[in-house]
Amino acid sequence: MLALWNAHARSCVNSTEANMVAYAREGEVTKSAKARGSDLRTHFKNMRETAMAIKKMELQEAKKYLEEVIAMRRCIVFRRYCGGVGRTAQAKNEGSTNGQGRWPKKSAEMLLNILKNAESNAEVKGLDTDALSVFHIQVNRAVQQRRRTYRAHGRINPYMSSPCHVEVVLSEAVEAVKKEAENPRRVGAKEARRNAARLKNGSTNA
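Quick note on numbering: the sequence shown equals residues 0 to 205 in numbering that gives the first Met the number 0.
Following this line, the structure appears as structure tokens:
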């Protein structure tokens with residue numbers, strides 16, 4: 000009986016590891032925290048534009064920005080999926096060249112919840128939440144869900160939805176190490192010709 004229980008436990012662990020979804024990009028384990036949402040019932044295109052708007056932002060700045068988008072005080076600039084998107088003066092303030100922007104409230108609310116989830120994970124790991132920034136964020140298409148709409152003359156057309164998967168990695172800022180200034184010795188024309196002759200003759204002497 001004990002052997003059967005151990006075999007069942009091992010199979011459960013293996014199936015769990017097989018079902019774990021890998022992130023497209025991993026931060027440094029000791030200085031990063033992550034969170035994800037799967038099959039979110041919001042438009043993929045709106046979520047993609049919202050995610051790109053907060054990419055590389057500091058965490059607190061990104062949260063404040065999304066809250067202002069929900070309150071319609073600031074907008075999300077639509078850069079890729081901008082067909083038929085109206086223009087607003089708020090988009091100009093966000094650095095848009097074409098002035099196209101919207102207020103995708105549902106996408107902003109879901110993304111804000113994911114950021115808060117990642118922030119909680121960072122607190123559990125003992126990270127400084129004030130030093131975190133959005134190191135990686137990615138939005139992928141999920142399986143479309145099918146409904147139906149009824150048309151004239153007894154016809155039925157598909158009424159599809161476009162959900163999405165979102166993954167976020169927060170990371171503490173890593174200070175770049177300054178490269179030591181190099182002062183290479185300047186080689187004169189005469190020495191350069193001598194070195195070229197040595198290479199041509201196969202000499203390895205300095």
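Positions of the beta carbon are idealized from the N, C-alpha and C atoms, including for glycine.
Does the count of Cβ pairs from the segment 142 to 150 and the segment 110 to 121 closer than 8 Å reach three? no
Could you tell me the alpha carbon to alpha carbon distance between Lys-63 and Arg-147, rounded to whole angstroms? Here residue 63 corresponds to residue number 64 of the sequence shown, with the count starting at 1. Here residue 147 corresponds to residue number 148 of the sequence shown, with the count starting at 1. The alpha-carbon atoms of Lys-63 and Arg-147 are separated by roughly 38 Å.
By a C-beta neighbour count over all protein chains shown, 10 Å radius and 16 as the cutoff for buried, is Ala-195 buried or exposed? Here residue 195 corresponds to residue number 196 of the sequence shown, with the count starting at 1. By the neighbour-count rule (16 or more Cβ atoms within 10 Å), Ala-195 is not buried but exposed.
Whole-angstrom C-beta distance between His-42 and Ser-161, which should lie under 8 Å: Here the question's residue 161 lines up with position 162 in the sequence shown. Here the question's residue 42 lines up with position 43 in the sequence shown. So it is a contact: roughly 6 Å between Cβ atoms.
Check the C-beta distance from Arg-40 over to Ile-75 and give it rounded, since I have them as a contact under 8 Å. Along the sequence shown, one-based indexing puts residue 40 at 41. Along the sequence shown, one-based indexing puts residue 75 at 76. With a Cβ gap of about 18 Å, Arg-40 and Ile-75 do not count as contacting.
Determine, using beta-carbon pairs with one atom in the segment 113 to 123 and one in the segment 70 to 88, whether at least three such pairs fall under 8 Å. no
Among Phe-77, Met-159 and Lys-115, the one whose alpha carbon lies nearest that of Glu-60: Numbered from its first residue, the sequence shown carries residue 60 at position 61. Ranking Phe-77, Met-159 and Lys-115 by Cα distance to Glu-60 puts Lys-115 first.
Alpha helix (DSSP H) segment containing Leu-65, residue limits: Numbered from its first residue, the sequence shown carries residue 65 at position 66. Taken as a continuous stretch (DSSP letters only), the alpha helix (DSSP H) holding Leu-65 covers 58 to 69.
Is DSSP giving Lys-189 helix, strand or coil here? Against the sequence shown, residue 189 aligns to sequence position 190. Helix.
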